[in-house]
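**Student:** In the UniProt record's numbering, the protein residues as written are 1 to 150. Quick one: this structure, given as structure tokens, is what I'll be asking you about.
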């Protein structure tokens, strides 16, 4: 990571939680120039620290749901395997875990791409890498928003 996460950068990141805030407004609120905010935000994005994207509340999208898929791997290469799973259709994110599971996938599903489709058409590509899985369907989320990827 090239960008230092100083107090100014963290303040800009916090201000950008409201994706509709302009750089001009953020600059005024923080007592900075608009150019400074724009330049720092661009660097944070370039360095992969920050991503500005629309996120959805899945509960408000008819016919959509989230599944969490906990995976115990055969391989000790958790990071490498996580990268492989991150490219499957519907996978919003992958995290490497401690505990009885090695990875947890957040999977976005809808009426045209359901859980059975995910397991049959996507997960099956990687099933030989897996020792065991456990699936959780999210019935209610709090502050749980994801990018729309389907």
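Just so you know, even glycine gets a beta-carbon here, dropped at the ideal spot from N, CA and C. Predicted, not measured: the structure shown is a model, and the values here were computed from it.
#1: If I follow the unbroken beta strand (DSSP E) through residue 94, where does it start and stop?
#2: Are at least three pairs of beta-carbons, each pair with one atom in the region 129-140 and one in the region 55-70, less than 8 Å apart?
#3: Exposed or buried, residue 107, counting other C-beta atoms within 10 Å across all chains shown (16 or more means buried)?
#4: Roughly how many angstroms lie between the CA atoms of residue 105 and residue 26, to the nearest whole one?
#5: Quick one: grab the DSSP three-state call for residue 2.
#6: Which of the three DSSP states, helix, strand or coil, is assigned to residue 72?
#7: So if DSSP puts residue 15 in a beta bridge, which residue, or which two residues, is it bridged to?
#8: Using the Cα positions of residue 9 and residue 36, report the straight-line distance between them to the nearest angstrom.
#9: With a floor of 3 residues, list each beta strand (DSSP E) that falls wholly inside the region 96-124, ordered by position along the chain.
#10: How big is the Cα-Cα spacing for residue 24 and residue 109?
**Tutor:** Working from what's here:
#1: Along the chain shown, read from residue 1 onward, the residue named residue 94 stands at position 94. Run containing residue 94: 91-96, per the beta strand (DSSP E) assignment.
#2: Three or more beta-carbon pairs separated by less than 8 Å link the region 129-140 to the region 55-70, which places the two stretches in contact.
#3: The sequence position of residue 107 within the chain shown is 107, counting from 1. Result: buried.
#4: Taking the chain shown and counting its residues from 1, one reaches residue 105 at position 105. Taking the chain shown and counting its residues from 1, one reaches residue 26 at position 26. Approximately 34 Å between the Cα atoms of the pair.
#5: Mapped onto the chain shown, residue 2 falls at position 2. It is coil, neither helix nor strand.
#6: The residue labelled residue 72 in the question sits at position 72 within the chain shown. Of the three classes helix, strand and coil, the one that applies to residue 72 here is strand, per DSSP.
#7: Here residue 15 corresponds to residue number 15 of the chain shown, with the count starting at 1. Its beta-bridge partners do not exist; DSSP assigns none.
#8: The residue you call residue 9 lines up with position 9 of the chain shown. The residue you call residue 36 lines up with position 36 of the chain shown. Between residue 9 and residue 36, the C-alpha separation is close to 10 Å.
#9: Here the runs fully enclosed are 103-109.
#10: Along the chain shown, one-based indexing puts residue 24 at 24. Along the chain shown, one-based indexing puts residue 109 at 109. The straight-line gap from Cα to Cα measures roughly 37 Å.
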